[in-house]
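What follows is the structure in structure tokens.
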């Protein structure tokens, strides 16, 4: 496997066959009576620049289930604030350089997980995924992406596992990723990684969002390339009715657009007009064969109604559960 | 046992015989050479909305001693802020609904511990114990109360164990719970649960507080009902001299009263007048057979003098230690 | 060993032979195939009043590697804020007394690690190492210093191990501890403990700093006493060129001086003039036999240049790694 001993920044770095092998292993682990002690004697540091619930719990648990040791640290409060720019004169706020943190931790642990959301202020830094790439550049052990500025590959793997579980396969399944309303402008890591993984693994992908909320061009191009390579569909539309036709999976997620960096009050006004993108029962009834997915946390009755989330088509808790199994399989593959 | 597989919100939900069995088991564990691996393969998430020292350490340790995995999380910093009201449109501050957090965690762990102090602002919410009850409503695994708005059953069980240890029994032991001064208005969970458990287990209970600081009526009624059921004493008095007569246990604790919600400056003035309720050596000498108890943390020389806390009648460290043993026994009973 | 069952506040409390035994054991552990379960069944609480990266990770890992249980707690956020002054009336900000915290934790765990930086406001408190000494006074189990106001003995032991590793011995090795620039006035614990341990273990010690930045007199006297006892050199100079002659070890560290307490704006002005004390390549080339050491975190291109830190003389990552091995050996010796 190409994954062995490598850093996991985005699924796009690995061939679909590797991802499929991980999904198969995740399914086995989910139904296993006992967990193999695949990480016995191994330690993994989990660094959180941002809050986390599912990722934190499932990584700590996945590592422990496999017999390893998880060390959880909130960056900047538990530990020092971290500078990512190489070569700078560090006479301002940041206390330690990621170069040193990564090289030091490499002496202690066998892998380093990093959660680092985008700044939502500096487009170049965010598009370069500057923080996690600094870790990757300087670490001597694999870096595992726990959601970076651009990618959330572990979420995407759990999402793919869930679709496979519910639809029997990913090949040719019609998945619709739709923008939904939210009181805040959110990162794009989840939709980016969903698009990439789904197109890598042979789903037909429809992306729906108001025209003001495109995903990063580089991601869209990669997803288009994936679709072309596997002979599958990749389309972008600017309305839900067109997108929903024939949907077998409806993936709801909100995000802000990089075009509004530095102009958030303007974005808020635009966003306010798109309350109609909320997912409600009539919409779900119009696609009776579709499962409803969301990575959580979700703003209930803003992104989707209680009735949808608690309804028969919703698989949000299976999806959250699969974080654990997908990550156990990923950890086994990486280490 | 009625406890098996249930949530532990308040001791009042369980028959005294169950509580007695837990106390007997706690005593055995305290004197055991080795701990049974009763929680092997089990994981428990411990969610803290508020600070904790004893509860945090003893739960993490109790779980580990019994072979289980403890996952500790500070809500709102480590993880997302949580909404408890069902059906609301979540377009304000709270990021995730307890419904989703509880249902997701139920997929990962075998029980969820929750510490959630009262708001001290919204009387209805606090009297309904809204946050922990939301967890109980939505969780598919047992909820363990690590101190909620209304109850602190694990503290109460350690308190009962300590009285039994020092006095040989709980039946007919004369316990006095007295309000003491404090620079802040505190929650009532500890005195509430102490009253309930002591009256459930057959102690004679005297409650002493300035007339402005009644405990919640519902709790007092339950304690009265318990006393009646077991044919024991339950009395409320508004002064210490009357309360202290014949005391075998003096339990000191400060609390604010729900009557002052929204009027805390007024409460501060009233509270200031009651410095005389502090426990000092002369008071302890007047009840030479009594042990002195407090749940800690305590404001030294405000609630009670150093001489009392460090004196021969004080059992505060035994009481704190018993948190560990009582909780190990509770965990075994619940899971 | 004198260390057994004792608190580790400063290396100065123990005979050099004990420290040497620990270093020898650390070296063995570093090259061991497997770790002995020396802490099986033991638990250690790690209390952090301040941020930490290396200390936190290596202690948690050292304890886990040796089969013990580590309980990590941030004081004042995870747990209550702590008062250290005996006898005070606790009606202000602090919620719990260290007396109670230490005595309670002594019932739960087998040792307590404490990180407590100086106030940088109250010279008497800082020079008395008031917080950690309160823990030592009240605890019934060993206290392990994770960096206090005055000392960082675990760092010093890792430093000594590193010198021994790189130079074959500590006896007669010429070590130069030099002040370097930094945007903030830092504590003196690291240089204090380095001076003490190096002089205890027979190195020749040169201390270089601008005349405005002396280390605490008591520490300097102890180091002088150590040097006299072992017949080694201890000198203080106020410039780098004189200090660097014949250096085999260059230890760079910044610190503020107690003389500036309450006058930090004045100190900032003075400090700004000493940018020339930064370590750069020409300086390192002038002492080609010397290794470059720093405890980290380091302000790159302020304290020392990237070229020095990443250059062939730098041993900063070995030094950081040795924290783990030195602490495993210390834990074995103490418990």
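Chains as they are written, first to last, in my numbering: chain A, 12 to 346; chain B, 12 to 346; chain C, 12 to 346.
Glycine included, C-beta positions come from ideal geometry on N, C-alpha and C.
Against chain B, with Cβ distances strictly below 8 Å, would residue 292 of chain A count as a contact? no
Kindly list the residues whose CB is nearer than 7 Å to the CB of residue 81 of chain A, restricted to its own chain and excluding five residues on each side of it in sequence; keep chain order. 55, 57, 70, 71, 74 and 75
Can you tell me whether DSSP reads residue 110 of chain C as helix, strand or coil? Looking at residue 110 of chain C - three-state DSSP - the assignment turns out to be helix.
Identify the continuous alpha helix (DSSP H) that holds residue 124 of chain C and give its terminal residues. Taken as a continuous stretch (DSSP letters only), residue 124 of chain C belongs to no alpha helix (DSSP H), being part of the beta strand (DSSP E) at 122-126.
Amino acids of chain A, ordered along the chain, whose beta-carbon sits closer than 7 Å to that of residue 61 of chain B: Chain A residues near residue 61 of chain B: none, gap ~17 Å exceeds 7 Å.
Under 8 Å between C-beta atoms, does residue 71 of chain A make it to chain C? no
Using a Cβ-Cβ cut-off of less than 8 Å, list which residues of the region 194-207 of chain A approach chain B; keep chain order. 194
Within 10 Å of its beta-carbon, does residue 39 of chain A have 16 or more other beta-carbons around it, so buried, or fewer, so exposed? exposed
Residues from the region 323-335 of chain A in contact with chain B, defined by Cβ distance under 7 Å: Against chain B - using a Cβ distance shorter than 7 Å - the residues of the region 323-335 of chain A are 328, 331, 332 and 335.
Under the assumption that residue 329 of chain B contacts residue 176 of chain B (Cβ atoms under 8 Å), give the Cβ distance between them as a whole number of angstroms. 7 Å
May I ask you to verify whether the region 189-205 of chain C touches the region 261-275 of chain C, counting CB pairs closer than 8 Å and requiring at least 3? yes
Does the Cβ-Cβ distance between residue 145 of chain B and residue 220 of chain B come in under 8 Å? Taking 8 Å as the cut-off, the Cβ atoms of residue 145 of chain B and residue 220 of chain B do not count as close.
If we call anything under 8 Å between Cβ atoms a contact, is residue 21 of chain A one with residue 119 of chain A? no
Residues in its own chain within less than 7 Å of residue 26 of chain C by CB, not counting five upstream and five downstream? 13
Note down, one range per segment and in chain order, each alpha helix (DSSP H) of at least 4 residues found wholly within the region 115-203 of chain C. 134-138, 141-149 and 164-178
When the cut-off is 8 Å and only beta carbons count, does residue 89 of chain C lie next to chain B? yes
Should the region 173-187 of chain B be called in touch with the region 128-148 of chain B, which here means at least 3 C-beta pairs below 8 Å? Cβ pair count under 8 Å is below three, so no.
What residue range is occupied by the uninterrupted alpha helix (DSSP H) comprising residue 65 of chain C? Its alpha helix (DSSP H) spans residues 65-76.
Alpha helix (DSSP H) segments (min. 4 residues) lying fully within the region 202-264 of chain A: 228-241 and 251-255
Is residue 173 of chain B close to chain C, meaning its C-beta is less than 8 Å from at least one C-beta of that chain? Not a single C-beta of chain C is nearer than 8 Å to the C-beta of residue 173 of chain B.
Buried or exposed (CB count within 10 angstroms, at least 16 for buried), residue 284 of chain A: exposed
At a CB-CB cut-off below 7 Å, which residues of chain C make contact with residue 317 of chain B? 98
For residue 144 of chain B, go through chain A and note every residue whose CB falls closer than 8 Å to its CB, in chain order. The contacting residues do not exist; residue 144 of chain B stays about 18 Å from chain A at best.
Pick out whichever of A:270, A:307, A:240 and A:216 has its Cα sitting closest to the Cα of residue 247 of chain A. A:216
Collapsed DSSP secondary structure at residue 297 of chain C in the structure displayed: Helix.
Touch check for the region 179-190 of chain B and the region 39-52 of chain B: three-plus C-beta pairs under 8 Å? no
Using 8 Å as the threshold, is the C-beta distance between residue 160 of chain B and residue 224 of chain B below it? no
How many Å lie between residue 113 of chain B and residue 270 of chain B at the Cα? 32 Å
How would you list, in chain order, the residues of chain A whose beta-carbon sits under 9 Å from the beta-carbon of residue 64 of chain B? Within 9 Å Cβ-Cβ: nothing; residue 64 of chain B doesn't reach chain A, min ~17 Å.
With a cut-off of 8 Å, do at least 3 Cβ pairs link the region 305-323 of chain B to the region 273-280 of chain B? no
Segment limits, alpha helix (DSSP H) that includes residue 37 of chain C: If you look at residue 37 of chain C, you'll find it in the alpha helix (DSSP H) that goes 27-41.
Compute the distance between the beta-carbons of residue 235 of chain A and residue 178 of chain A, then report whether it is under 8 Å. Result no, Cβ atoms of residue 235 of chain A and residue 178 of chain A do not sit closer than 8 Å.
Thinking residue 77 of chain C and residue 48 of chain C are a contact (beta carbons under 8 Å), I'd like their distance in whole angstroms, please. 6 Å
Which residues in chain A sit within 8 Å of residue 85 of chain C, going by Cβ to Cβ distance? Within 8 Å Cβ-Cβ: 88 and 89.
Hey, is residue 156 of chain C's beta-carbon within less than 8 Å of any beta-carbon in chain B? No - not a single Cβ of chain B is within 8 Å of the one on residue 156 of chain C.
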